[in-house]
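**Q**
Numbering (the UniProt record's numbering), first residue to last: 1 to 276.
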């Protein structure tokens, strides 16, 4: 094989990756830059790359009568709490499901993840009737439970696969040295599961942070989240593009920054057997 033929596949891969990178990053970069543009430039017929940045949209979001702070705090609390519960319960259930030896374990594991496969539209009405009966509408607990109905099966499935890749000989050796089952789990297994825990937590948090369907159905004036605040900018009289782009930046950038900060564990976790 000649040198030109060897370089051709590599050049094609580089070109393809560059195209995919541009396809992914250009809309995000343009949204972030536009959030610092005055409204006159945002709605101009000819897009302008060079402009004088302004913080008027962000200042307006957090200082107006309909401030974004309650929506932001609701999103952080609800998404964070549901993620924490999902990871803790998913970790324990995944460990038990991985180590226990019972007939039909594979069918049980498939049934758990199959509940995550159901479309959101199929569970909204039953959950709404249940929440109305239990007085969970317009409550933080109601949204947390709603997100757990999707996040918990996903967390159990992921953590089960992570624990399956971990040899049980490690905790058995710790128990031979005198550790209890819980001590072996706490001091030996969990530290090795850091990539799996981080991956599961990030994916669960992203779903809860970005959700609109559940928040629109089950939230009320006191529990609305950021996606609801963004939807309120789309009115019959027009669209406030400046604020909408600023909210989009607030929604996207924290998740992107969090992914970059924990990318070592995230990449390691995504390359385990859970998603192969």
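Ideal Cβ positions, reconstructed from N, Cα and C, are used throughout, including at glycine.
#1: Distance check for residue 153 and residue 24, CA to CA, integer angstroms please.
#2: So what does DSSP say about residue 234, is it helix, strand or coil?
#3: Please confirm whether any heavy atom of the ligand SAH lies closer than 7 Å to the CB of residue 37.
#4: May I ask you to report which of helix, strand or coil DSSP gives residue 46?
#5: Which value, in whole angstroms, describes the spacing of the CA atoms of residue 83 and residue 211?
#6: Leaving aside the five residues before and after residue 274 along the sequence, list all residues of the same chain whose C-beta is less than 7 Å from its C-beta, in chain order.
#7: Excluding five sequence neighbours on each side, which residues of the same chain lie with their C-beta closer than 7 Å to the C-beta of residue 143?
#8: When we look at the beta-carbon of residue 66 and count the other beta-carbons within 10 Å, is it buried (16 or more) or exposed?
#9: Would you tell me roughly how many angstroms separate the C-alpha atoms of residue 276 and residue 190, rounded to the nearest one?
#10: So for residue 100, helix, strand or coil by DSSP?
#11: For residue 239, which beta-bridge partners are listed by DSSP?
#12: Please look up how many angstroms separate the CB atoms of residue 255 and residue 206, rounded, as I've assumed it's under 8 Å.
#13: Going along the chain, which residues of its own chain have a beta-carbon closer than 8 Å to the beta-carbon of residue 20, five neighbours each way excluded?
#14: Here's the rule I'm using: 16 or more other beta-carbon atoms within 10 Å means buried, otherwise exposed. How should residue 30 be labelled?
#15: Please list, in chain order, all residues of the same chain as residue 110 whose beta carbon is under 8 Å from its beta carbon, the five residues on each side excluded.
#16: Does the separation of the CB atoms of residue 243 and residue 107 fall below 8 Å?
#17: What residue ranges within the region 168 to 202 form continuous alpha helix (DSSP H) runs of no fewer than 4 residues, ordered along the chain?
#18: Tell me the residue span of the alpha helix (DSSP H) that contains residue 306.
#19: Starting from the Cα of residue 73, find the closest Cα among 35, 259, 209 and give me that residue.
#20: Would residue 90 be called buried (16 or more neighbouring beta carbons within 10 Å of its own) or exposed?
#21: Any idea what DSSP makes of residue 135, helix, strand or coil?
#22: With burial defined as no fewer than 16 other Cβ atoms inside 10 Å of the residue's Cβ, what is the status of residue 202: buried or exposed?
#23: Taking only runs that begin and end inside the region 80 to 125, name each unbroken alpha helix (DSSP H) of 4 or more residues, in chain order.
#24: When you compare the CB positions of residue 118 and residue 204, do they come within less than 8 Å of one another, or not?
#25: Could you name the residues of the same chain whose beta carbon sits closer than 8 Å to that of residue 247, not counting the 5 residues immediately before and after it, in chain order?
#26: Work out the CA separation of residue 10 and residue 263 for me, nearest whole Å.
#27: From 13, 76, 43, 88, pick the residue whose C-alpha is nearest to that of residue 151; which is it?
#28: Quick check on the DSSP output: the alpha helix (DSSP H) that includes residue 217 runs from which residue to which?
#29: Taking Cβ to Cβ, would you say residue 146 is nearer than 8 Å to residue 166?
#30: Using the Cα positions of residue 114 and residue 52, report the straight-line distance between them to the nearest angstrom.
**A** So, from the data block:
#1: As a working mapping, residue 24 is identified with position 24 in the chain shown. As a working mapping, residue 153 is identified with position 153 in the chain shown. Residue 24 and residue 153 have their C-alpha atoms spaced approximately 29 Å apart.
#2: For the purposes of this step, residue 234 is taken as the residue at position 234 of the chain shown. The three-state reading of DSSP puts residue 234 in strand, counting E and B together.
#3: This structure lacks the ligand SAH, and indeed carries no ligand of any kind.
#4: Residue 46 sits at position 46 when you count from the first residue of the chain shown. Collapsing the DSSP output to three states places residue 46 in coil.
#5: For the purposes of this step, residue 83 is taken as the residue at position 83 of the chain shown. For the purposes of this step, residue 211 is taken as the residue at position 211 of the chain shown. If you take the alpha carbons of residue 83 and residue 211, they lie about 13 Å apart.
#6: Stepping through the chain shown from its first residue, residue 274 is reached at position 274. Here residue 274 scores only 43 on pLDDT, less than 50, and its place in the model is too uncertain to base an answer on.
#7: Taking the first residue of the chain shown as position 1, residue 143 is located at position 143. Around residue 143: 78, 214, 215, 218, 219, 223.
#8: The residue you call residue 66 lines up with position 66 of the chain shown. Its Cβ having fewer than 16 others within 10 Å, residue 66 is exposed.
#9: Sequence index remark: in the chain shown, residue 276 carries index 276 (1-based). Sequence index remark: in the chain shown, residue 190 carries index 190 (1-based). With a pLDDT of only 43 at residue 276, under 50, the local geometry of the prediction cannot be trusted, and no value is derived from it.
#10: Working through the chain shown from its first residue, we reach residue 100 at position 100. In the structure shown, residue 100 sits in coil (DSSP, three-state: anything other than H, G, I, E or B).
#11: As a working mapping, residue 239 is identified with position 239 in the chain shown. Looking at the DSSP output, residue 239 shares a beta bridge with 234.
#12: Walking along the chain shown from the start, residue 255 turns up at place 255. Walking along the chain shown from the start, residue 206 turns up at place 206. About 6 Å separates the Cβ atoms of residue 255 and residue 206, confirming a contact at the 8 Å cut-off.
#13: Mapped onto the chain shown, residue 20 falls at position 20. Here residue 20 has no same chain residue with a Cβ atom under 8 Å from its own Cβ, once five neighbours each way along the sequence are excluded.
#14: The count along the chain shown starts at 1 and reaches residue 30 at position 30. Under the 10 Å beta carbon count, residue 30 is surrounded by fewer than 16 other beta carbons and is classified as exposed.
#15: Here the question's residue 110 lines up with position 110 in the chain shown. Closer than 8 Å at the Cβ level, and outside the excluded window around residue 110, lies no residue.
#16: Position 243 of the chain shown, counted from the first residue, corresponds to residue 243. Position 107 of the chain shown, counted from the first residue, corresponds to residue 107. Not a contact, by the Cβ cut-off of 8 Å.
#17: Listed in chain order, they are 169 to 176, 181 to 184.
#18: In this structure the chain extends from 1 to 276, so residue 306 is not present and cannot be described.
#19: Working through the chain shown from its first residue, we reach residue 73 at position 73. Nearest C-alpha to residue 73 among 35, 259, 209: 209.
#20: Residue numbering aside, residue 90 sits at position 90 when the chain shown is read from its first letter. For residue 90, the number of other beta carbons within 10 angstroms of its own is at least 16, and it is reported as buried.
#21: Your numbering for residue 135 matches position 135 in the chain shown. Of the three classes helix, strand and coil, the one that applies to residue 135 here is coil, per DSSP.
#22: The sequence position of residue 202 within the chain shown is 202, counting from 1. By the Cβ-count criterion, residue 202 is buried, with 16 or more other Cβ atoms from all chains shown falling within 10 Å of its own Cβ.
#23: List check, alpha helix (DSSP H) in window: 105 to 117.
#24: Here residue 118 refers to the residue found at position 118 when the chain shown is read from its first residue. Here residue 204 refers to the residue found at position 204 when the chain shown is read from its first residue. In this structure, residue 204 does not lie closer than 8 Å to residue 118 by Cβ.
#25: Taking the first residue of the chain shown as 1, we reach residue 247 at position 247. Here the set comprises 61, 68, 226, 229, 230, 233.
#26: Counting from one through the chain shown, the residue named residue 263 turns up at place 263. Counting from one through the chain shown, the residue named residue 10 turns up at place 10. Distance between the alpha carbons of residue 263 and residue 10: 25 Å.
#27: Along the chain shown, one-based indexing puts residue 151 at 151. Of 13, 76, 43, 88, the residue nearest in Cα terms is 88.
#28: Stepping through the chain shown from its first residue, residue 217 is reached at position 217. In this chain, the alpha helix (DSSP H) harbouring residue 217 covers 213 to 218.
#29: Looking up residue 146 in the chain shown gives position 146. Looking up residue 166 in the chain shown gives position 166. The answer is no: Cβ separation not under 8 Å.
#30: Your numbering for residue 114 matches position 114 in the chain shown. Your numbering for residue 52 matches position 52 in the chain shown. Here the alpha carbons of residue 52 and residue 114 stand approximately 51 Å from one another.
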